[in-house]
Every structure is written in C-alpha cells, then in structure tokens.
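Colleague: In the numbering used here, the protein residues as written are 1 to 149.
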Ligand code: ZN
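(1) How long is the line joining the alpha carbons of residue 55 and residue 98, rounded to whole angstroms?
(2) Can the beta-carbon of residue 138 be found closer than 9 Å to that of residue 31?
(3) Quick check for students: name the residue ranges of the beta strand (DSSP E) that lie wholly in the segment 17 to 74, counting only runs of 3 or more.
(4) Of the residues 50, 53 and 68, which one's Cα is nearest the Cα of residue 44?
(5) Leaving out five residues on either side along the sequence, give the residues of the same chain with a beta carbon under 8 Å from the beta carbon of residue 81.
(6) Under 8 Å: does the beta carbon of residue 73 sit that close to some heavy atom of ligand 3?
(7) Quick one: residues in its chain with C-beta nearer than 8 Å to the C-beta of residue 86, no 5 flanking neighbours on either side, listed in chain order?
(8) Look at the Cβ atom of residue 130, then the Cβ atom of residue 72, and state whether they are nearer than 9 Å.
(9) Suppose the cutoff is 8 Å on Cβ atoms and the five residues either side in sequence are ignored; what does the same chain contact list for residue 118 look like?
(10) Classify residue 24: buried if its beta carbon has 16 or more other beta carbons within 10 angstroms, exposed otherwise.
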C-alpha cells in the first residue's frame, strides 16, 4: 500500500478522518447503494431533491480513505447545487479521472482536484468515482421511495 502515500494529501486525510455529511439523511427522497468489489468500498448515498435542487445530501458506509474522502468532498460540493449541474460535474470529474489527456478544465473542480492524483493508480480510480456513480444512480431513480426504517 506504499503507492498510496503520495495520494494522501492533507485534504484527503482530513476528509477521511472527519467525513462531512456522514450518516443517514431523514426525509431523503432519493437514495442509491454503491459497491466497489475491487477494493471492498460500500456506501449509501441519500439525497433530498426539491425543485430540481439538491437541498441536502448525506452518505454512510465503509470504504478506503480515497472512497470516503471522495464521498465527503462530493457531498460538500453538492449541497445547494442544481441536479443538472451535479450531473455535469459528475461527467467532468469522471472524464478527468479516466482520461488523463483532458487536463484543460480542472479549475472548475475546485477542491475536488485533490482526487485527480489517483489517475496514476488505475485501481484507485474506482474508489474515487464510486460516490459519483452512486450519485448518478440516485438521481436517475426518481420514483424510488425511501423508507426511514
Ligand atoms: Zn477503495
């Protein structure tokens, strides 16, 4: 696991140790479960979407530092964002992580750029994108009723 040392920048460390928006979200009207078998990361994402706006978002689960930090950074970014803008951001983030050639638009990612270091480690890309794939699934599943049981 020594190849991870370079990835563990201060922000990733911090978000892994103290994940933002962690826990179940009461009143969520979208949710999805994500699993990355390659690493063993599992997370559940909860969203409250009102008038095409993500008014609240939380996640829970267990995963490696990269997947936890990515989910934490994502939820921080998504709160108050329009659904369409979140989908655009997902696409941009995913493209930058999976295609190292498109380096031209990293500024719009803001703090999320700390995760781009995983491009050097293809096995870790799935850890970094897990939360985002789960977001995509949650947003697509519009009729899913979430129980609070
Ligand atoms: Zn992982």
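Here a beta-carbon is modelled for each residue, glycine too, at the ideal position from N, C-alpha and C.
Modeller: The relevant details are as follows:
(1) Mapped onto the chain shown, residue 55 falls at position 55. Mapped onto the chain shown, residue 98 falls at position 98. Whole-angstrom Cα-Cα distance: 29 Å.
(2) As a position in the chain shown, residue 138 is number 138, starting the count at 1. As a position in the chain shown, residue 31 is number 31, starting the count at 1. Contact: yes.
(3) 30 to 36, 41 to 50 and 53 to 62
(4) Here residue 44 corresponds to residue number 44 of the chain shown, with the count starting at 1. Looking at the Cα atoms, 68 is the closest of the given residues.
(5) By 1-based counting over the chain shown, the position of residue 81 is 81. Closer than 8 Å at the Cβ level, and outside the excluded window around residue 81, lie 53, 54 and 89.
(6) In terms of ligand content, the structure shown lacks ligand 3 and carries ligand 1 instead.
(7) Sequence index remark: in the chain shown, residue 86 carries index 86 (1-based). Answer for residue 86: 54, 78, 135 and 139, listed in chain order.
(8) For the purposes of this step, residue 130 is identified with residue 130 of the chain shown, where counting begins at 1. For the purposes of this step, residue 72 is identified with residue 72 of the chain shown, where counting begins at 1. Result no, Cβ atoms of residue 130 and residue 72 do not sit closer than 9 Å.
(9) Walking along the chain shown from the start, residue 118 turns up at place 118. Cβ neighbours of residue 118 beyond the five flanking positions: 7, 66, 97, 124, 125, 127 and 128.
(10) As a first step, residue 24 is located in the chain shown; it is residue number 24 there, counting from the start. It counts as exposed.
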